[in-house]
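Below: one structure, written as structure tokens.
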Amino acid sequence: ESDTSSEPAEAAGSSDESNAAADENEAEASSETEPETAAQPKYRPLDEVRDEIITDLARAKMSEAIKAAESAMSAYREKWLQNQEDIEKAKEKDLPKEEWPAEIEPLDLDVLARDLGLIVRKLPPMARWELAEIEGLSASNTEDGRSFLDAAFGSQRRLFLPIRTTDQDYNMYVSWVVDRVEDHVPKFEDEGVRDRVLAAWKRKEARHLAERTAQEFADKANEAGKTLREVVPDDRKDDVAESEPFSWYTYGDMEFAWLQGASPWFDQIVARIKDPASGLITTKELVESPGDKFMEAVFSLEVGKAGVAWNQPETVVYAVRLLELAPPAEELADTFLSQNVQTYYGASRNEFTGAFRKWYDLLREEAGLEWE
């Protein structure tokens with residue numbers, strides 16, 4: 104190390120002539136010692152990029168369809184707003200109801216979806232926590248980084264305003280709120296309430312059984328020092344897969360994230376599997392809707408140890424075993440301390456929001472404040 108560090112200092116103080124000689128010697132040494140490198144191919148084989156091409160074409164087509172649906176929904180909203188304004192003017196003039204403008208016909212989403220090759224789903228009135236259990240849609244975000252839930256339950260409370268979002272799997276959605284129901288406690292005899300209560304109770308009871316089974320697999324692996332595949336029953340071995348490396352949060356394309364000011368999102372947990380029929384390598388999603396609970400459980404494990412982890416809506420519990428943590432925790436800590444706070448501020452946004460909400464609730468409770 105000392106020799107190489109002294110050479111630049113000597114060269115910096117040498118004459119032009121000696122520099123030229125040194126350059127010539129370096130060139131000669133380079134020509135004598137550097138092996139000829141084979142020309143790199145200009146194109147990749149079709150089999151390597153076939154899946155990428157198909158995916159890109161499908162996403163482009165899907166994006167066009169979603170934007171067309173958004174345009175049609177926006178046009179309907181303009182007509183609806185004008186209709187509502189005309190009705191309000193009639194009310195202000197104290198006109199009898201039979202002289203009010205007729206309500207415009209609702210947009211036929213079934214026909215619109217059929218024409219554009221989309222799937223339409225109509226949801227009943229739902230609270231925010233209920234909507235959070237809708238996979239895909241609830242985890243999607245708008246172009247400016249807002250979550251679908253924030254956009255749908257935002258303070259503006261606007262009806263028939265199209266909300267275009269994309270989830271982590273690049274599935275695209277366009278949604279709108281058609282009605283708002285004030286907070287109230289439903290009665291058990293109300294339509295559909297009994298079925299929803301019963302379904303919620305069954306899910307709660309099933310969670311105990313599912314977690315116990317997953318914990319048994321993890322305990323067996325830890326006690327025997329074996330992999331999960333080695334301890335699960337034969338009829339469950341195909342359910343075990345080794346994931347690709349993943350992080351707790353990711354920004355995806357960092358340059359795009361910085362330009363958009365986007366918040367990080369949970370990384371995808373996938374495995375690369377060879378299709379026996381075609382021989383192509385495909386990507387398989389291993390965890391549905393991972394969240395902080397899942398990531399915390401996994402990143403709390405010691406290397407080689409197994410445990411259990413729930414997905415975000417607590418609909419699936421997994422037995423997981425940590426194979427490797429890279430880079431090591433000590434190196435991650437050093438990186439954390441040396442980086443600009445803006446690099447990782449977005450990753451703590453959820454925790455910050457949760458802490459602020461708890462602080463606000465505590466102040467309200469101590470003050471005895473009740474909204475009426």
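Each residue of the sequence shown is one higher than the last, beginning at 104 in my numbering.
Ideal Cβ placement from N, Cα and C applies to all residues, glycine included.
It should be emphasised that the depicted structure is a prediction, and the values quoted were computed from it without experimental measurement.
Judged by their CB atoms, Ser-346 and Leu-389 are nearer to each other than the 9 Å cut-off. Within the segment 205 to 289, the complete beta strand (DSSP E) runs of at least 3 residues fall at 266 to 269 and 275 to 278.
Per DSSP, reduced to three states, the secondary structure at Tyr-146 is coil, with no helix or strand assignment. Counting along the chain, Arg-375 sits inside the beta strand (DSSP E) bounded by residues 373 to 377. Following the DSSP letters along the chain, one finds Tyr-463 inside the alpha helix (DSSP H) bounded by residues 452 to 470.
For Ile-376, the closest alpha carbon among the candidates Val-343, Leu-262, Glu-405 and Val-334 is that of Val-343.
With 16 or more other CB atoms across the displayed protein chains lying within 10 angstroms of its CB, Val-420 is buried.
Collapsing the DSSP output to three states places Tyr-352 in a strand. The residues Pro-204, Glu-206 and Ile-207, in chain order, have a CB closer than 8 Å to that of Asn-186 in the same chain once the five nearest residues on each side in sequence are set aside. Straight-line spacing of the CA atoms in Phe-439 and Val-406 works out to 21 Å. Val-296 and Leu-240 have their C-alpha atoms spaced approximately 23 Å apart. Here DSSP, grouped into helix, strand and coil, assigns Glu-388 to strand. In this structure the segment 303 to 312 does not touch the segment 392 to 409; the number of beta carbon pairs closer than 8 Å is below three. Judged by DSSP secondary structure, Trp-413 falls within the beta strand (DSSP E) whose first and last residues are 409 to 413. When the Cα atoms are used, Leu-435 and Ile-156 turn out to be separated by approximately 36 Å.
In this model, Pro-209 and Glu-191 are separated by some 19 Å (Cα to Cα). Residue Phe-263 holds the alpha-carbon nearest to the alpha-carbon of Tyr-179 among Trp-413, Phe-263 and Ala-317. With respect to Ala-400, Leu-331 sits apart: the two C-beta atoms are not nearer than 9 Å. Distance between Asp-338 and Ser-451, taken at the CA atoms: about 41 Å.
In the DSSP assignment, Arg-339 forms no beta bridge with any residue. Between Arg-267 and Val-281 a beta carbon distance of about 16 Å is seen, past the 8 Å cut, so the two are scored as non-contacting.
Taking all protein chains shown into account, Ser-392 has 16 or more neighbouring C-beta atoms within 10 Å of its C-beta and is therefore buried. The shortest C-alpha to C-alpha distance from Glu-151 to any of Lys-329, Trp-351, Thr-385 and Arg-424 is the one to Thr-385. A direct Cα-Cα distance of roughly 14 Å separates Asp-211 from Ala-171. In the structure shown, Phe-369 adopts extended strand secondary structure according to DSSP, grouped into three states. Residue environment: Pro-227 is assigned as exposed (fewer than 16 neighbouring CB atoms within 10 Å of its CB, all protein chains considered).
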